[in-house]
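Numbered per our numbering, the sequence shown spans residues 334 to 550.
All C-beta atoms, glycine included, are put in the ideal place defined by N, C-alpha and C.
For reference, the structure discussed in these notes is given below.
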Amino acid sequence: MRLRDRLGITARRQRQLTWLMELVMLGVFLYGVWKLNVKIMANAGIALLIAQLVPVLERDYGVPLDAGLTLWITSAVFLHALGTIGTGGESFYQSVWWWDHMTHALSSSVIAGVGYATVRALDEHSDQINLPPRFVFVFILLFVLAYGVFWEIIEFTIGYVATLLGTDTILTQYGLEDSLWDLVYNTLGAVVVATWGTAHLNGISQYIQNRLDQRAA
Numbered sequence: 334m335r336l337r338d339r340l341g342i343t344a345r346r347q348r349q350l351t352w353l354m355e356l357v358m359l360g361v362f363l364y365g366v367w368k369l370n371v372k373i374m375a376n377a378g379i380a381l382l383i384a385q386l387v388p389v390l391e392r393d394y395g396v397p398l399d400a401g402l403t404l405w406i407t408s409a410v411f412l413h414a415l416g417t418i419g420t421g422g423e424s425f426y427q428s429v430w431w432w433d434h435m436t437h438a439l440s441s442s443v444i445a446g447v448g449y450a451t452v453r454a455l456d457e458h459s460d461q462i463n464l465p466p467r468f469v470f471v472f473i474l475l476f477v478l479a480y481g482v483f484w485e486i487i488e489f490t491i492g493y494v495a496t497l498l499g500t501d502t503i504l505t506q507y508g509l510e511d512s513l514w515d516l517v518y519n520t521l522g523a524v525v526v527a528t529w530g531t532a533h534l535n536g537i538s539q540y541i542q543n544r545l546d547q548r549a550a
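Put into structure tokens, the structure is as follows:
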């Protein structure tokens with residue numbers, strides 16, 4: 334049984350929640366424009382683009398992204414965009430100690446989902462490839478850890494360049510300890526996907542496998 338079935342959330346309700354989050358992200362972007370805040374505009378703008386990419390993939394390329402998967406991806410970018418604003422002159426990233434950890438765990442779970450679906454598709458595509466479940470589990474963890482390290486490097490680089498230019502950075506780096514905790518929560522998101530990915534990502538894996546089969550034909 335899927336989580337949405339346990340919670341009694343219908344596909345229609347999931348789509349409504351997705352649309353609501355997209356409207357809020359648009360509001361965050363417009364707030365950034367009003368405040369002339371490049372950080373808010375950049376993060377909310379990129380989040381909106383990613384959210385709009387999901388229906389494009391489904392409509393134009395036939396990627397089987399159901400309402401639940403769409404809500405999952407949208408939630409990740411929505412919470413990141415929302416975290417750039419806040420109350421009392423501080424963003425939620427600054428005032429809520431667990432916000433950064435939550436967004437890292439959620440976004441890393443999306444990355445893990447991409448890795449999981451791809452590996453499963455490769456396993457099914459070729460008879461010469463046989464990937465045991467334990468290998469897939471370890472691969473997903475390493476894949477997400479590599480992504481996490483790469484992301485931390487991006488944050489450090491953007492922050493360093495912003496300091497050199499004397500401008501505000503669009504991504505905030507809170508120090509080495511924060512980076513280590515980010516990697517911990519990235520791993521948590523990866524474990525969730527590696528453990529329960531089969532129940533939700535088989536459709537994506539099948540789509541990738543079919544594309545690989547068509548190219549090999």
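Quick one: measure Cβ to Cβ for residue i and residue j, integer angstroms, because I've assumed they're closer than 8 Å.
{"i": "residue 534", "j": "residue 421", "result": "Not a contact, Cβ separation roughly 40 Å."}
{"i": "residue 374", "j": "residue 387", "result": "Their Cβ separation, rounded to whole angstroms, is 21 Å, which puts residue 374 and residue 387 out of contact at 8 Å."}
{"i": "residue 507", "j": "residue 418", "result": "With a Cβ gap of about 18 Å, residue 507 and residue 418 do not count as contacting."}
{"i": "residue 357", "j": "residue 415", "result": "7 Å"}
{"i": "residue 503", "j": "residue 376", "result": "6 Å"}
Taking the alpha helix (DSSP H) that residue i falls in, what are its first and last residues?
{"i": "residue 359", "result": "344-368"}
{"i": "residue 501", "result": "Note, residue 501: premise wrong, no alpha helix (DSSP H); not H, not E."}
{"i": "residue 441", "result": "432-458"}
{"i": "residue 516", "result": "509-529"}
{"i": "residue 390", "result": "371-394"}
{"i": "residue 427", "result": "425-428"}
{"i": "residue 401", "result": "400-415"}
Is the CB of residue i under 8 Å away from at least one CB in chain C?
{"i": "residue 528", "result": "The structure shown contains no chain C, having only a single protein chain."}
Skipping 5 residues on each side, what residues in its chain have a beta carbon closer than 6 Å to that of residue i?
{"i": "residue 410", "result": "380, 383, 384"}
{"i": "residue 440", "result": "409"}
{"i": "residue 400", "result": "344, 347, 348"}
{"i": "residue 354", "result": "407, 411"}
{"i": "residue 433", "result": "426"}
{"i": "residue 334", "result": "In this prediction, residue 334 scores a pLDDT of 47, lower than 50, which makes its location untrustworthy; the coordinate-derived value is nonetheless stated afterwards. Correct list: empty, nothing qualifies."}
{"i": "residue 530", "result": "449"}
State yes or no: is the C-beta of residue i within less than 8 Å of the C-beta of residue j?
{"i": "residue 437", "j": "residue 501", "result": "no"}
{"i": "residue 444", "j": "residue 455", "result": "no"}
{"i": "residue 477", "j": "residue 523", "result": "yes"}
{"i": "residue 442", "j": "residue 494", "result": "no"}
{"i": "residue 350", "j": "residue 404", "result": "yes"}
{"i": "residue 458", "j": "residue 545", "result": "yes"}
{"i": "residue 452", "j": "residue 471", "result": "no"}
By Cβ distance, which residues of its chain are closer than 7 Å to residue i, with the 5 residues on each side in sequence left out?
{"i": "residue 450", "result": "534, 537, 538, 541"}
{"i": "residue 543", "result": "none"}
{"i": "residue 391", "result": "398"}
{"i": "residue 488", "result": "504, 506"}
Residues in its own chain within less than 8 Å of residue i by CB, not counting five upstream and five downstream?
{"i": "residue 480", "result": "441, 444, 519"}
{"i": "residue 490", "result": "none"}
{"i": "residue 474", "result": "520, 523, 524, 527"}
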